[in-house]
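Residue numbers (full-length UniProt numbering): 1 to 962.
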């Protein structure tokens, strides 16, 4: 099975799950489970290859001309994480089927979970660092949605926001580090970067790249000082917590550290930053976990501690420590996922997670109690369980760190202390909850869950036991295959035997177990009653409090800056935009002065000078009339547009002339409809306001003159420069052989620059939807005349509505009383359709195309509105503009995906010549489908913008008549 399918399947299933009705919960769970198990099977089939050290890569040329490829790459380490993501994902899906209540939107849950699975697999299997950074940020967004799944809960919303801010900010830092790594290695391909370790470490940019990458990894894995977000993410549903905090979200950070270990490790900076963050997190997380009274909070802090342990191992610059880190990643995923699910069962069946209310649950839920106690023992590092083996390797590595003497003595001591804390919080979970007096304050009567709800925990706990008893047989080959790429190829000597004799690591384990048991026994009563309190220093450095203060300061600062620099007036906003743009342009001109080239000038003709004399006069007149009569200003602006059309035709650009003419016709009507909603101009009579108005107009005139002169100078410098190679010969020479058309402009739009066109029509559709959303419920206030009653215009029908005299000449389009007979205009519609079809079909070889064809047909529909109103247009023609926009965008995407299906880059054009009876030979370029999508979007966007404007006009006129 293709690696692309491993990533694509969860995303496709996510889209399908979102559309399945919520009542079909079994179908949703079956779909999600089938996808996860399918990925497990596909990855399992690849193990023989990766076990031998092979690296499987799949390349997909995205932008081959720029050397941009999407790469999937799987080695032993990626295989291990892919199996964890998919395997534990399948167990979480089964568990969630029985955890979610009937009121929970299951469709949204499974859709988000599948999408998150796909994003995590994208991180694991990415063979390109930029591609990895994209999936990295996608996991941040999807985890935000999963953590905030219960939107009605304030703590869920806050926890989701906190997680998003911290991890997304770290993701931006990671992107900067990735760019630096790619620059140093000369490639963004993971294989090339992994092979350039010596060059990266010797480069002057190594330290900035290291810091940026570590910021991304440490924020994701909740390492100090960014550890505070993870406990607040516990507001998520327990299946989400079990998945995100055992095998996926928080493991992404340590995955990246291990993935780039051959490149970035081996330096003092790596040792102190990574090792220091890991050691601090290990101790803080373990210490804080002892004082939690909420079961999920206890597991959250223990997760932080174990992630710190993994980070510390990776920071030791030792290959054997890196192997131990990989081993503990596997072990932690199994016992932590089972513990989270056990907590979910306790909460589900008792109605609370508060350990002060939970007591003596063993007689009520013996099966769940046994499973949870075994998982707790694995977390504490009890012998014959998997957690003991990786903890022994950790203890052994702390004894052999080659550094200063205080590190040599202090690190084993700190590791033992963390082990003591782990025993204490594991005992709190395993003993306080299941033993003691019968529970009295539980909201529900405790009982065992549904049989299948406990199956995922049973499988994970059995794994803990099998790995702990038969490590070499059960996990040995997987560990070797996963560790080999991390350490750079040659595995260090290590043993997975249960008994290594009585040595220092075993002594450290025994001390941790004995001391932890003693501390728990000594304070068991206080734990039972109200729990112990943390030391004041821990409360003083509360990460949540610091985060919220920083967020409040940032919000208040932004509000203050906004109040001092912003304005609700469009004129002021435009003024500052022009001032800033002009200042930047002037600064650029000072750095690189504008110079006139000696390119031969085209001699001016009397006709052209006269043409633009008229155009210039119309432009000045439009600016002047805007002060007095907006309709006249709009008319003069249309004259300027017509002059531009003639200029395009003058310089042999019929495509641009035709498009500009259609744009003028459409925008003129839209502007006319929008004029009546502009604020009424009130004559200024007072001396002070009059002076300010005159000064403002002079200021705007000066700014316009400066901006226009600057643009003219820049254009003149560009047009007269020499010594550069124009790109136009390339398009002229290759339009026909590569694009299959002789109309160079259209071939550029639908072939060479098709991706740009795709972005432009997407923006056009978005703007149309925005205008519709803003105006569809807009109710402008009625204008109140400031004239005396005797000077107010009185309509002929005797009503007293304040309507301008010139407005009486216009009739309601809905009534059909216009000078042009409506029948003639309606006969224009089929003619316009034929013209639009003609322009569309000839566009690839002659002036025309989908854009201008859409505008021509839109003009015909606008004419129908003028004689019949939007009610007639919508009722008779049954137009649905949003569907036109959606269909056009989908057609464009389908055209691009079609080229991918044939093994070509996205939006690659193909041309065929087909001979049909009666029609003869037909020229069929695939770009015609792309152009059809452009046509649909342009038509739909124009009509969608027309609809709210026209409806508002009709409503206002009807209101005036009433």
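Note that CB positions come from ideal geometry on N, CA and C, so glycine has one too. Because the structure is a prediction, the values reported are computed rather than measured.
Which residues mark the beginning and the end of the beta strand (DSSP E) in which residue i is found?
i	result
residue 912	911-916
With which residues is residue i paired in a DSSP beta bridge?
i	result
residue 864	According to DSSP, which records beta bridges pairwise, residue 864 is partnered with nothing at all.
residue 59	71
residue 354	294
residue 397	Paired residue(s): none; residue 397 is not in a bridge.
residue 922	914
residue 128	189
With C-beta atoms as the reference, is residue i less than 8 Å away from residue j?
i	j	result
residue 949	residue 675	no
residue 138	residue 160	no
residue 467	residue 475	yes
residue 888	residue 771	no
residue 743	residue 880	no
residue 239	residue 92	yes
residue 51	residue 89	no
residue 929	residue 895	yes
residue 3	residue 72	yes
How would you label residue i, buried or exposed, when you count the other beta carbons within 10 angstroms and need 16 or more for buried?
i	result
residue 627	exposed
residue 331	buried
residue 588	exposed
residue 226	buried
residue 559	exposed
residue 6	buried
residue 154	exposed
residue 942	buried
residue 788	Only weak support exists for where residue 788 lies, its pLDDT of 46 falling under 50; the value from the coordinates is given anyway. Flag for residue 788 reads exposed.
residue 83	buried
residue 166	buried
residue 440	exposed
residue 931	buried
residue 457	buried
residue 449	buried
residue 1050	No answer is possible for residue 1050: it lies beyond the span of the chain, which begins at 1 and ends at 962.
residue 26	exposed
residue 497	exposed
residue 318	buried
residue 302	buried
residue 536	Low confidence applies to residue 536: its pLDDT is 48, below 50, so where it sits in the model is not reliable enough to give any reading.
residue 442	buried
Return the first residue and the last residue of the alpha helix (DSSP H) that residue i is part of.
i	result
residue 241	238-244
residue 383	Looking at the DSSP string, residue 383 is not in any alpha helix (DSSP H), and its letter there is neither H nor E.
residue 442	Where residue 442 is concerned, there is no enclosing alpha helix (DSSP H), given that its DSSP letter is neither H nor E.
residue 627	That residue, residue 627, is in no alpha helix (DSSP H); it is neither H nor E in DSSP.
residue 732	728-739
residue 1009	No statement about residue 1009 is possible, as the shown extent of the chain runs from 1 to 962 and does not include it.
residue 478	476-487
residue 268	268-289
residue 987	Since the first residue of the chain shown is 1 and the last is 962, residue 987 is not available in this structure.
Does the region 378-393 come close enough to the region 247-265 to have 3 or more Cβ pairs within less than 8 Å? Using a Cβ-Cβ distance cut-off of 8 Å, the region 378-393 and the region 247-265 are not in contact, since fewer than three pairs of beta carbons, one from each stretch, lie closer than that value.
Three or more C-beta pairs below 8 Å linking the region 25-34 and the region 130-146: Using a Cβ-Cβ distance cut-off of 8 Å, the region 25-34 and the region 130-146 are not in contact, since fewer than three pairs of beta carbons, one from each stretch, lie closer than that value.
Quick check: the region 636-652 against the region 911-929, are at least 3 beta-carbon pairs closer than 8 Å? Between the region 911-929 and the region 636-652, the count of Cβ pairs shorter than 8 Å is below three; the stretches do not touch.
Any contact between the region 341-353 and the region 444-463? By contact I mean 3 or more CB pairs, one from each, below 8 Å. At 8 Å Cβ cutoff, the stretches touch.
Assess contact between the region 342-362 and the region 413-425, defined as three or more Cβ pairs (one per stretch) separated by less than 8 Å. Is contact present? No: fewer than three Cβ pairs fall under 8 Å.
With a cut-off of 8 Å, do at least 3 Cβ pairs link the region 503-523 to the region 418-432? Contact check between the region 503-523 and the region 418-432: three or more CB pairs, one atom from each, fall below 8 Å, which counts as touching.
Is there contact here, the region 310-330 with the region 285-296, by at least three beta-carbon pairs under 8 Å? The region 310-330 vs the region 285-296: no contact.
Report yes or no: do three or more beta-carbon pairs, one from the region 227-245 and one from the region 208-215, lie closer than 8 Å? The answer is no - the region 208-215 does not touch the region 227-245, with fewer than three Cβ pairs under 8 Å.
Determine contact between the region 713-727 and the region 588-606, defined as no fewer than three beta-carbon pairs at a distance below 8 Å. Counting Cβ pairs under 8 Å, three or more are found: they touch.
At least 3 beta-carbon pairs within less than 8 Å: the region 390-410 vs the region 311-321: Taking a contact to require three or more Cβ pairs closer than 8 Å, the region 390-410 and the region 311-321 qualify as touching.
Sufficient close CB pairs (3 or more, under 8 Å) joining the region 273-291 to the region 102-114: The region 273-291 is not in contact with the region 102-114.
Whether or not the region 602-616 and the region 643-654 are in contact is what I'm after, with contact meaning three or more pairs of Cβ atoms, one per stretch, closer than 8 Å; do they touch? Under the 8 Å Cβ criterion, the region 643-654 counts as touching the region 602-616, having at least three qualifying pairs.
At least 3 beta-carbon pairs within less than 8 Å: the region 824-838 vs the region 732-740: When Cβ pairs closer than 8 Å are counted between the two stretches, the region 824-838 is seen not to touch the region 732-740, the count staying below three.
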